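Asker:
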Amino acid sequence: MTKPVQGSPLLTLTAVCAVQFMAPFMLTAVGVALPTLGRDLNASAVQLGLVEQLYALSLAMTMLTFGRLGDLRGQGRVFLAGLVVFTAMTISLGLTRSVEMIMIQRFFQGLGGAMVLSGSLALVAAAYPPQVRGRMIGVVSASTYAGLSCGPVIGGFVTTHFGWRSVFLMSAPLGLAAVLLCLAGVPLSGSDREEPMDWRGALLFGLAVGLVMLGAAHAREVPAGPLMIVSGLAVFGFFAALERRLEHPLLDLRMFAGNRYLSLSCLAALGNYAATFGITFLMSLYLQFAKGLSARQAGFVLLAQPVMQVLFAPLSGRLADRFEPAKLASLGMLLSACGLLLAAATTGPDTALWVLVPELMLIGAGFGLFIAPNTTAIMGSVDRGRLGLASGLIGVMRTLGMATNLTCVAFIFSVFLGDAAVTPQTLPAFLDALRAGLIVSAILACLGVGVSLGRGRRKSA
671 MTKPVQGSPL LTLTAVCAVQ FMAPFMLTAV GVALPTLGRD LNASAVQLGL
721 VEQLYALSLA MTMLTFGRLG DLRGQGRVFL AGLVVFTAMT ISLGLTRSVE
771 MIMIQRFFQG LGGAMVLSGS LALVAAAYPP QVRGRMIGVV SASTYAGLSC
821 GPVIGGFVTT HFGWRSVFLM SAPLGLAAVL LCLAGVPLSG SDREEPMDWR
871 GALLFGLAVG LVMLGAAHAR EVPAGPLMIV SGLAVFGFFA ALERRLEHPL
921 LDLRMFAGNR YLSLSCLAAL GNYAATFGIT FLMSLYLQFA KGLSARQAGF
971 VLLAQPVMQV LFAPLSGRLA DRFEPAKLAS LGMLLSACGL LLAAATTGPD
1021 TALWVLVPEL MLIGAGFGLF IAPNTTAIMG SVDRGRLGLA SGLIGVMRTL
1071 GMATNLTCVA FIFSVFLGDA AVTPQTLPAF LDALRAGLIV SAILACLGVG
1121 VSLGRGRRKS A
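Under my numbering, residues 671 to 1131 are what the sequence shown spells out, in order.
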């Protein structure tokens, strides 16, 4: 049993939206700034890769833990602490003089991001009644995609004119404003639950996710990559065995056994991310190597997908308050699958941009239509005392879906290209790999549609 929720719903929503914009913005904007950062600090390619990887890794490893901790100690407290850590690390990163310190600080910045992201949806779900929850989640989702889509554009402009440090420093005011909003309107009261925190389970879960993600990122490095993936799956097995024996586990697996709607909603989220995550990577390579566009030109073409996600997420959130979320989510995934199949059928060396852009828009519209209803379905199928856990679970499904996609893409490229670089001579093999990747993504999306339709009627918490 938790204490009644107090505070301002509007200020809570505003603070959450600020964070949901800032965290993904930091991921994509820093990616654009990495080449300049590397030249300035004389960093190696491996070090630059770790700057991005450590941020994503710390997010993925701890999202579920902080979500559960928020349920036990108070979501507002964890959210505020995470905001302070994230903002402090963001400012510090803009002043750091060595790439080694940047790598360390990016990991801790990711921890702060996990603290705020794990409970942000839980705060919104607790602040608003179920009949308007979908539209508020849609607004939050739109903020996330706005951050993702604005990151490369704003990050590239700022890096070019003011240097890579400005990418971090310009985000500091937004973080400080979010801290003030949190102090003014987010409920900071704790929970009256006396359950202990399952730190052993948290350690095992973080280790398992870390191994799977690292293995997926290095899937082409045999045997290291596949061995890490297998080891991560084995640790997941130990984690599941431990959780079944505990009275107060980190993740109560019985929650899934007795809640088909929740289980299939989570699987649908995993399938959707597994199907759509790699589109930007694949199409970026295609536009630059096959179509001869510059990185800046390719970035503007690729904006077609996230812009549609920003537009459709609030709309789908409103619709989720009126219609069955599972059906809306299924329709969204079906649209994404159609876009992927069209792209696989039409993409070639002579494909016109006027053909490609509508396909990207269709994929983006489908994703935007899917995410808010599916998130609403997950948050609405658990009791209030587990909202933080559900919020963290959504992040875990996103991470595992991304890792699945990375593994599939790496395997496909190794089959068609081996270790060869993309050159005019290997372009036909690259196009074959691209089409295979799009077909696999479409198949995953179609499987996700089946899972989504099979969840049945909504189970209210």
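No residue lacks a Cβ here, since even glycine has one placed at the ideal position from N, Cα and C.
What you are looking at is a predicted structure, and each value in this text was computed from that prediction instead of being measured.
Could you spell out the range, first to last residue, of the alpha helix (DSSP H) harbouring residue 995?
Answerer: 995 to 1016 is the span of the alpha helix (DSSP H), which, as asked, contains residue 995.
Asker: Is residue 875 near residue 760, with beta carbons less than 7 Å apart?
Answerer: Against a cut-off of 7 Å, the Cβ pair of residue 760 and residue 875 comes out as no contact.
Asker: Since residue 1101 contacts residue 1050 with CB under 8 Å, what's their CB separation in whole angstroms?
Answerer: Incorrect: roughly 43 Å between the Cβ atoms, too far for contact.
Asker: Compute the distance between the beta-carbons of residue 1047 and residue 935, then report whether it is under 7 Å.
Answerer: Yes, the Cβ-Cβ distance between residue 1047 and residue 935 is below 7 Å.
Asker: Quick one, which of 1070, 746 and 905 has its alpha-carbon nearest residue 1170's?
Answerer: Here the chain has residues from 671 to 1131 only, and residue 1170 is not among them.
Asker: Answer with buried or exposed for residue 1053, where buried requires no fewer than 16 other C-beta atoms within 10 angstroms of its C-beta.
Answerer: It is exposed - the Cβ of residue 1053 has fewer than 16 other Cβ atoms within 10 Å.
Asker: Around the C-beta of residue 1093, are 16 or more other C-beta atoms found within 10 angstroms, so that it is buried, or is it exposed?
Answerer: Its Cβ having fewer than 16 others within 10 Å, residue 1093 is exposed.
Asker: Please classify residue 712: does DSSP put it in a helix, a strand, or coil?
Answerer: It is coil, neither helix nor strand.
Asker: Let me know the secondary structure DSSP gives residue 678 once reduced to three states.
Answerer: Looking at residue 678 - three-state DSSP - the assignment turns out to be coil, as it is neither helix nor strand.
Asker: Excluding the 5 residues preceding and the 5 following residue 835 in the sequence, name in chain order all residues of the same chain whose CB lies nearer than 7 Å to its CB.
Answerer: So the list reads 764, once near-sequence residues are dropped.
Asker: Check whether the region 765 to 780 and the region 701 to 720 are in contact - that is, three or more C-beta pairs closer than 8 Å.
Answerer: Yes: the two stretches touch, three or more of their Cβ pairs being nearer than 8 Å.
Asker: Quick one: Cα of residue 986 to Cα of residue 953, how far?
Answerer: Going by the C-alpha atoms only, they are around 26 Å apart.
Asker: Buried or exposed for residue 1029, please, with buried defined as at least 16 other CB atoms from any protein chain shown within 10 angstroms of its CB.
Answerer: Its Cβ being crowded by 16 or more others within 10 Å, residue 1029 is buried.
Asker: Please list the terminal residues of the continuous alpha helix (DSSP H) segment that includes residue 929.
Answerer: Per DSSP, residue 929 belongs to no alpha helix (DSSP H) and is neither H nor E.
Asker: Apart from the five residues on each side of it in sequence, which residues of its chain come closer than 6 Å, Cβ to Cβ, to residue 1007?
Answerer: So the list reads 1112, 1115 and 1116, once near-sequence residues are dropped.
Asker: I'd like the list of long-range same chain contacts for residue 912, defined as Cβ closer than 7 Å, with 5 residues on each side in sequence excluded.
Answerer: Closer than 7 Å at Cβ, skipping near neighbours: 870, 871 and 874.
Asker: Would you please state the rounded distance, in angstroms, between the beta carbons of residue 749 and residue 849? I believe it to be under 8 Å.
Answerer: Wrong, their Cβ atoms sit about 10 Å apart, outside the cutoff.
Asker: Just to check my reading of the structure: residue 1013 and residue 829 have Cβ atoms closer than 8 Å, yes? What is that Cβ distance to the nearest angstrom?
Answerer: With a Cβ gap of about 30 Å, residue 1013 and residue 829 do not count as contacting.
Asker: Run through DSSP, which three-state label would residue 673 get?
Answerer: Legend: pLDDT at residue 673 = 43, less than 50; position of this residue unreliable, value from coordinates given subsequently. Correct three-state label for residue 673: coil.
Asker: Between which two residues does the alpha helix (DSSP H) holding residue 958 run?
Answerer: From DSSP, residue 958 is part of no alpha helix (DSSP H); its letter is neither H nor E.
Asker: Hey, quick one: how far does the alpha helix (DSSP H) through residue 1102 stretch, first residue to last?
Answerer: Looking at the DSSP string, the run of the alpha helix (DSSP H) that includes residue 1102 is 1097 to 1123.
Asker: Using the Cβ count rule (16 or more neighbours within 10 Å means buried), how would you classify residue 695?
Answerer: Classification for residue 695: buried.
Asker: Is residue 1119 near residue 933, with beta carbons less than 7 Å apart?
Answerer: Not in contact: residue 1119 and residue 933 (Cβ atoms no closer than 7 Å).
Asker: Less than 8 Å between the CB atoms is what I'm expecting for residue 847 and residue 688, so what's the real figure, rounded?
Answerer: Rounded, the Cβ-Cβ distance is 7 Å, consistent with contact.
Asker: Kindly give me the distance between the Cβ atoms of residue 948 and residue 1075, rounded to whole angstroms, as I take these residues to be in contact under 8 Å.
Answerer: With a Cβ gap of about 4 Å, residue 948 and residue 1075 count as contacting.
Asker: For residue 1050, does the three-state DSSP call read helix, strand or coil?
Answerer: Note: residue 1050 maps to helix in three-state DSSP.
Asker: Please list, in chain order, all residues of the same chain as residue 783 whose beta carbon is under 6 Å from its beta carbon, the five residues on each side excluded.
Answerer: 693, 729 and 756.
Asker: Hey, quick one: how far does the alpha helix (DSSP H) through residue 1132 stretch, first residue to last?
Answerer: This structure does not reach residue 1132, given that the chain is present from 671 up to 1131, and the question cannot be answered.
Asker: Go through its chain and collect everything with a Cβ distance to residue 738's Cβ below 6 Å, but skip five positions before and after it.
Answerer: These residues qualify, in order along the chain: 920 and 1059.
Asker: If you draw a straight line from the alpha carbon of residue 843 to that of residue 684, how long is it in whole angstroms?
Answerer: Taking the straight line from one Cα to the other gives about 15 Å.
Asker: Give the range of the alpha helix (DSSP H) segment to which residue 947 is assigned.
Answerer: Residue 947 -> no alpha helix (DSSP H), and no H or E assigned at all.
Asker: Which residue spans inside the region 714 to 761 form an unbroken beta strand (DSSP E) run of at least 3?
Answerer: Here no run is fully enclosed.
Asker: In the DSSP assignment, find the unbroken alpha helix (DSSP H) run with residue 768 in it and report its ends.
Answerer: Residue 768 -> no alpha helix (DSSP H), and no H or E assigned at all.
Asker: Would you list, in sequence order, the uninterrupted alpha helix (DSSP H) runs of no fewer than 4 residues that lie entirely inside the region 865 to 943?
Answerer: For the region 865 to 943, whole alpha helix (DSSP H) runs of length 4 or above, ordered along the chain, are 869 to 887, 894 to 915 and 924 to 927.
Asker: Hey, how far is the Cα of residue 673 from the Cα of residue 794?
Answerer: At residue 673, the pLDDT of 43 sits below 50, so the modelled position is not reliable; the number obtained from the coordinates is stated separately. Rounded to whole angstroms, residue 673 to residue 794 spans 16 Å at the Cα level.
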